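A.B. asks:
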Amino acid sequence: MRPILRETRRIIEDLDPDLLYDTEVLDKIRQEEEKRNVRKVRALSEFSAMYRSNVYEIMKDFITKYREKIPLIDIKDYIIDFLKESVEALNILRNITNPDERNLENTYLYKLTKYVETILFPRGISINEIYKKLIKYSPEFYECQRHILKPHTYYREDLENPDFFIIPGISPKVYQIINNITSLYNLDPNYGQFPEKEDYEIPMILKNDVFLPYIDSIANAEEEAIKTILERVGLRIIDGIFIAPTQDFVDLLIDNNFLRTNKQSDGITRLIPQFSNETLILYYLAFASRRRGFLSKELINWIAMNFAFLIYMGILNWKLTDENIFYSIFKDLQTNEKVLPYLMKLICFPHYLGLDKTKIRDSPQYRKEIFNFIGAQIDNLKVFIENVGDYCEKIDKERNN
Numbered sequence: 001m002r003p004i005l006r007e008t009r010r011i012i013e014d015l016d017p018d019l020l021y022d023t024e025v026l027d028k029i030r031q032e033e034e035k036r037n038v039r040k041v042r043a044l045s046e047f048s049a050m051y052r053s054n055v056y057e058i059m060k061d062f063i064t065k066y067r068e069k070i071p072l073i074d075i076k077d078y079i080i081d082f083l084k085e086s087v088e089a090l091n092i093l094r095n096i097t098n099p100d101e102r103n104l105e106n107t108y109l110y111k112l113t114k115y116v117e118t119i120l121f122p123r124g125i126s127i128n129e130i131y132k133k134l135i136k137y138s139p140e141f142y143e144c145q146r147h148i149l150k151p152h153t154y155y156r157e158d159l160e161n162p163d164f165f166i167i168p169g170i171s172p173k174v175y176q177i178i179n180n181i182t183s184l185y186n187l188d189p190n191y192g193q194f195p196e197k198e199d200y201e202i203p204m205i206l207k208n209d210v211f212l213p214y215i216d217s218i219a220n221a222e223e224e225a226i227k228t229i230l231e232r233v234g235l236r237i238i239d240g241i242f243i244a245p246t247q248d249f250v251d252l253l254i255d256n257n258f259l260r261t262n263k264q265s266d267g268i269t270r271l272i273p274q275f276s277n278e279t280l281i282l283y284y285l286a287f288a289s290r291r292r293g294f295l296s297k298e299l300i301n302w303i304a305m306n307f308a309f310l311i312y313m314g315i316l317n318w319k320l321t322d323e324n325i326f327y328s329i330f331k332d333l334q335t336n337e338k339v340l341p342y343l344m345k346l347i348c349f350p351h352y353l354g355l356d357k358t359k360i361r362d363s364p365q366y367r368k369e370i371f372n373f374i375g376a377q378i379d380n381l382k383v384f385i386e387n388v389g390d391y392c393e394k395i396d397k398e399r400n401n
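Sequential numbering of the sequence shown, starting at 1, is according to the working numbering.
1. If we ignore side chains and look at the alpha-carbon of each, how far apart do Ala-244 and Ile-237 end up?
2. Quick one: using the 10 Å Cβ neighbour count with 16 as the cut-off for buried, is Asp-158 buried or exposed?
3. According to DSSP, what are the bridge partners of Asn-190?
4. Please state whether the Cβ-Cβ distance between Tyr-200 and Val-233 is less than 7 angstroms.
5. Just to confirm before moving on: does the CB-CB distance between Glu-143 and Ile-378 stay below 7 angstroms?
6. Do Pro-168 and Ser-296 have their C-beta atoms within less than 7 angstroms of each other?
7. Over the uninterrupted alpha helix (DSSP H) stretch that includes Ile-127, give me the two end residues.
8. Which of helix, strand or coil does DSSP assign to Leu-109?
9. Taking the straight line between their C-alpha atoms, what separation do you get for Glu-129 and Leu-353?
10. Which residues does DSSP pair with Pro-273 in a beta bridge?
11. Once the 5 residues before and after Phe-242 are set aside, which same chain residues still bring their CB inside 8 angstroms of it?
12. Just verifying my parser: in three-state terms, what is the DSSP assignment at Ile-70?
13. Just checking my contact of Ile-457 with Asn-256 at CB under 8 angstroms: how many whole Å lie between their CB atoms?
14. Should Lys-338 be labelled buried (16 or more other beta-carbon atoms within 10 Å of its own) or exposed?
15. Taking 8 angstroms as the threshold, find out whether the region 115 to 123 comes into contact with the region 82 to 100 through three or more Cβ pairs.
16. Between the C-alpha atoms of Ser-171 and Ile-178, what's the straight-line distance to the nearest angstrom?
17. Let me check understanding here. Comparing Cα to Cα, which of Glu-68, Ser-53, Tyr-108, Arg-52 lies closest to Val-388?
18. Curious, which full-length beta strand (DSSP E) runs of at least 3 residues does the region 227 to 251 contain?
19. Let me check one thing: in DSSP terms, what residues is Leu-295 bridge-paired to?
20. Taking Asn-324 as the reference, give the member of Pro-139, Leu-26, Gln-31, Val-87 with the closest Cα.
21. Can you tell me whether Arg-39 is buried or exposed, with buried defined as 16 or more other CB within 10 angstroms of its CB?
22. Evaluate Glu-68 with the Cβ neighbour count: other Cβ atoms within 10 Å of its Cβ, from every protein chain shown; 16 or more gives buried, anything less gives exposed.
23. Go through its chain and collect everything with a Cβ distance to Met-226's Cβ below 8 angstroms, but skip five positions before and after it.
24. Buried or exposed for Phe-82, going by 16 or more other Cβ atoms inside 10 Å?
25. Sorted by chain position, which residues of the same chain lie with C-beta nearer than 7 angstroms to Arg-291's C-beta, five sequence neighbours on each side aside?
26. Measuring only the C-alpha atoms, how far is Asn-106 from Val-116?
27. Check whether the region 55 to 67 and the region 311 to 329 are in contact - that is, three or more C-beta pairs closer than 8 angstroms.
28. Would you identify the three-state DSSP class for Asp-390, choosing helix, strand or coil?
29. Any contact of the region 332 to 347 with the region 298 to 317, i.e. 3+ C-beta pairs under 8 angstroms?
Given below as structure tokens:
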């Protein structure tokens, strides 16, 4: 794509603006350019022809739309500027990392992956440390943080024979369970002895109140599945019937004012819950990040896809103006199919996200399915893309200073 845009820019620069009035001139130029590629293998030739056709059709539409309103010399300048921006964006993507891994920390891919990772999937020596990093950015980016935990292909997970060591994304059922837990804790919790601390009571809810509606559909080994789900949101089972926060989670909840203390007349300090779904979901995200070597195939693909999409669109946001007539080519599904899977695999390498890159799928049908869901962006993702674009500009300034 880059050589096509570069050559097109050179041709337009040499073209007399008055010739742009007749768009058939562009058809003739395109036909001549296609003849120059006859020695390419057929697949590559067809691929190049498709992009060249798109580029020339976009230019023709632009000329037809504005030739009666704007001087042809200005139209030519606009097209040249749009082509220049596009070539610059492709140059960044082409040199986004060093294959030999030399000076890796200064590459765009490394810096951008680490920027996104800090907000969505940070590292840390403990879940509590990771949680603190997540909550720092949750006021602005909680919707994105929740988004990367909810793959749209959750139904592909093996629900009949689940591997309890593998961490999946949050399915609609698990989201409902989290919502029920939060509601029960905030509405009418029980209180019981804090096992690890005398003279303290922690909030508890009945296990059956939460899980009874889902028992048949959670897994075959129901009790084990319940324990696993609870572990991922910082909870445990006490006396076989109650759900209560773990000791570490209690410390985290107190540190963030999600539990308030109430001294009773009998000298017992009761810890009263005041948290939301966000509290438990961020714990799940911290849990997944801490154990990123055990993520399910679907969750790895979904996280890598979101990272690749944010980085790719952030670069476009930085390099292309909103008015660029070639923006649609970069956002086209066929372009995404070429660029994003490549970025996904790179992002999984140890120096970047450290995910199992062998689990990245290569099926075209799978890609299209994921891309279709990403096409329906959440608003918070669009805000994040703008921030990534701003960060790209910051990186560029640091390099030039």
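The beta carbon of each residue, even a glycine, is placed where N, CA and C say it ideally should be.
Here the structure is a predicted model, which means the values were calculated and not measured.
C.D. replies: On the basis of the coordinates in this document:
1. 6 angstroms
2. Model confidence at Asp-158 stands at a pLDDT of 49, short of 50, so the residue's coordinates are unreliable; what they give is reported in the following sentence. Asp-158 should be labelled exposed.
3. Met-204
4. no
5. yes
6. yes
7. 127 to 147
8. helix
9. 17 angstroms
10. Leu-259
11. Asn-190, Gly-192, Met-204, Ile-205, Leu-206, Lys-207
12. coil
13. The structure shown has nothing for residue 457, since the chain only spans 1 to 401.
14. exposed
15. no
16. 11 angstroms
17. Tyr-108
18. 235 to 238, 242 to 245
19. Ile-167
20. Val-87
21. Any reading at Arg-39 is ruled out, since the residue's pLDDT is 49, under 50, leaving its predicted position unreliable.
22. exposed
23. According to the sequence displayed, residue 226 carries Ile and not Met. Lys-207, Phe-211, Ile-218, Ile-237, listed in sequence order.
24. buried
25. Ile-167
26. 16 angstroms
27. yes
28. helix
29. yes
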